[in-house]
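Protein chains in written order, with our numbering: chain A, 2 to 337; chain B, 176 to 468.
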């Protein structure tokens, strides 16, 4: 067998094992926690309405059925895996009687639209600024930028979001404290709609942008400085190449590789990573949906979103590993 | 073997001493950290209030002489609440960092040094744990406990998802250290595998372990605060995250109680910058395998 084929097979196997184990953990967790969602749900209903015992039992049975909690552990598990494979997560209880798949399909474009765009813009800006910081490393502005990114990077993105809310929504009152769209806004394909979406998504976007920009700048700078000590760069200097040429054609191109990897990994985490931002800004994406699912104790919806994010993370890792030999010719799989 | 570890610790302490002198980043970071450590571990025992009880003081008082950071709408004094919160958050961070780093380093060292079948098993195990997205699983778990999860339970789950990162990096370092000549001399002189690993290989990694420890403290405190912000942490306990949660819950920002939300947010920002500065300096200064110039 050719080494590349062998590599792809091994990598695919580990991809499926990872997803399988992740989903299994998610399956087992609700079943080993002392509180069960059905009892919680029924006690909520009981607190507002009087129910006779037979009706209570019947409701309990129905909820167990809907949540896939009926039968022995093995039966439940095979049922769950079967449903996960065909991608059917049942009916949501928080937004009864919508299907989980439908809710996810509505929320998905919002999250991808905001997070993928912002991550990508931040990546481009971060790389360029990081590179410029290396080029002008003796200037004051470079060290000022570095201090700024050191100060911003370790701060969690939701803290940045809170600070932005405080400054822009409460203090300056420039932006609305609501992501997505104003209430009652009819979406159409014109310029005004686009502007409204951008206006309403600006703050959640900015909070993610600020943090990831700091990260990209720092890592680009660190990578470039490490690379500039390598022999091939010294050789280029001895050849008499100009600093700018060395920076772009020698250092930048090599530093870009790990940056591409990190970008792809980052894109994989957007479904889970955006949760706090989206719930703070009530932005109608996957994160908000997840928050709804958790606060309403909606097991099916929670499982749907968790499975989606596990698959997204694993898939992006898989894609990187598979396309890496295409973007980095130095990597050879298997063949020694 | 133990003498060796002590000696290398002593060497490292000397270098630490020479580092502290004259590095602004490290001095700033350490100074802030020490202030927070004192606030979290010394002051709580002097607190005139209980950590959990509500309605202990007049509500919604802005910062004044009696209440230096003001009070909350739940009737707690923010300054003393902050000391309890710092204590819990720092304990959580340090428990996760100690256990996660320890398990990770041991697994990584054994895998990297022994190699072979054991290495394959341990490496693929940690790869799988790295690939599983931990945040949604954490949210799921914490949500199942309805905001009443015990803080050490939270720490245990953080550890579960944290050790593989340390293991992966330790393994690659162990792989490179294994090839050096003094390791051969050690094993030829009859020191066993465990002795070689912990007496010869590990001391070289102490700076990295230190940096990883600090980083993990930061990650764990941040993760707890993130969970708490959306209301799925241990909400009865005072932590930096639950302080934010209650402030948001009572709309502190929009009711003009700026001090309530500013205090936990400000402390998190300052603490994280301090921790990051420390880990930055430690990892910058001790690059493994390169001589310090």
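Backbone N, C-alpha and C fix where the C-beta goes; we use that ideal spot for every residue, glycine too. Computed from a predicted structure; not experimentally measured.
Partners in chain A for residue i, counting only beta-carbon separations shorter than 8 Å
i: residue 458/B; result: The contacting residues do not exist; residue 458/B stays about 10 Å from chain A at best.
i: residue 429/B; result: 171
i: residue 451/B; result: 151, 154, 155
i: residue 265/B; result: Near residue 265/B there are no residues of chain A at all, since even the closest Cβ is about 16 Å away, more than 8 Å.
i: residue 436/B; result: 163, 167
i: residue 455/B; result: 151
Cross-chain neighbours of residue i in chain B, by beta carbon under 8 Å
i: residue 277/A; result: 401, 404, 405
i: residue 26/A; result: 307, 312
Where residue i falls: helix, strand or coil (DSSP)
i: residue 324/B; result: coil
i: residue 92/A; result: strand
i: residue 100/A; result: strand
i: residue 336/A; result: Any reading at residue 336/A is ruled out, since the residue's pLDDT is 45, under 50, leaving its predicted position unreliable.
i: residue 437/B; result: helix
i: residue 231/B; result: coil
i: residue 176/A; result: coil
i: residue 19/A; result: helix
i: residue 50/A; result: coil
i: residue 304/A; result: helix
i: residue 299/A; result: coil
i: residue 223/B; result: coil
i: residue 411/B; result: coil
i: residue 138/A; result: coil
i: residue 426/B; result: coil
i: residue 329/A; result: coil
i: residue 198/B; result: coil
i: residue 283/A; result: coil
Under 9 Å by beta carbon: chain B residues contacting residue i
i: residue 79/A; result: Residues of chain B passing the Cβ test: none, with the nearest at roughly 21 Å.
i: residue 282/A; result: By Cβ distance, chain B contributes nothing, its closest Cβ being about 12 Å from residue 282/A, past 9 Å.
8 Å Cβ cutoff, residue i in contact with chain B
i: residue 307/A; result: yes
i: residue 13/A; result: no
i: residue 30/A; result: yes
i: residue 118/A; result: no
i: residue 310/A; result: yes
i: residue 303/A; result: yes
i: residue 160/A; result: yes
i: residue 19/A; result: yes
i: residue 325/A; result: no
Residue-chain proximity (residue i, chain A), Cβ-Cβ < 8 Å
i: residue 302/B; result: yes
i: residue 397/B; result: yes
i: residue 349/B; result: no
i: residue 201/B; result: no
i: residue 327/B; result: no
i: residue 440/B; result: yes
i: residue 299/B; result: yes
i: residue 393/B; result: yes
Neighbouring residues, chain B, relative to residue i (Cβ below 7 Å)
i: residue 156/A; result: 444, 447
i: residue 295/A; result: 314, 318, 407
i: residue 292/A; result: 405
CB contact flag (residue i, residue j, <8 Å)
i: residue 1/A; j: residue 318/A; result: Residue 1/A lies beyond the stretch modelled for chain A, which goes from 2 to 337, so this question has no answer here.
i: residue 301/A; j: residue 91/A; result: yes
i: residue 457/B; j: residue 385/B; result: yes
i: residue 110/A; j: residue 162/A; result: no
i: residue 309/B; j: residue 343/B; result: no
i: residue 313/B; j: residue 267/B; result: no
i: residue 112/A; j: residue 287/A; result: yes
i: residue 391/B; j: residue 403/B; result: no
i: residue 157/A; j: residue 400/B; result: yes
i: residue 258/A; j: residue 123/A; result: no
i: residue 152/A; j: residue 207/B; result: no
i: residue 38/A; j: residue 79/A; result: no
Residue i at chain E interface by Cβ criterion, 8 Å
i: residue 254/B; result: Among the protein chains in the structure shown, which are A and B, there is no chain E.
Please give me, in chain order, every unbroken run of the alpha helix (DSSP H) with length at least 4 that falls completely inside the stretch 190-273 of chain A. 192-228, 232-239, 254-269
Contained alpha helix (DSSP H) runs [length at least 4] in the stretch 238-325 of chain B, N- to C-terminal order: 253-289, 291-306, 309-319
Report the residue ranges of all alpha helix (DSSP H) runs contained in full by the stretch 342-391 of chain B; include only those spanning at least 4 residues, in chain order. 356-363, 368-371
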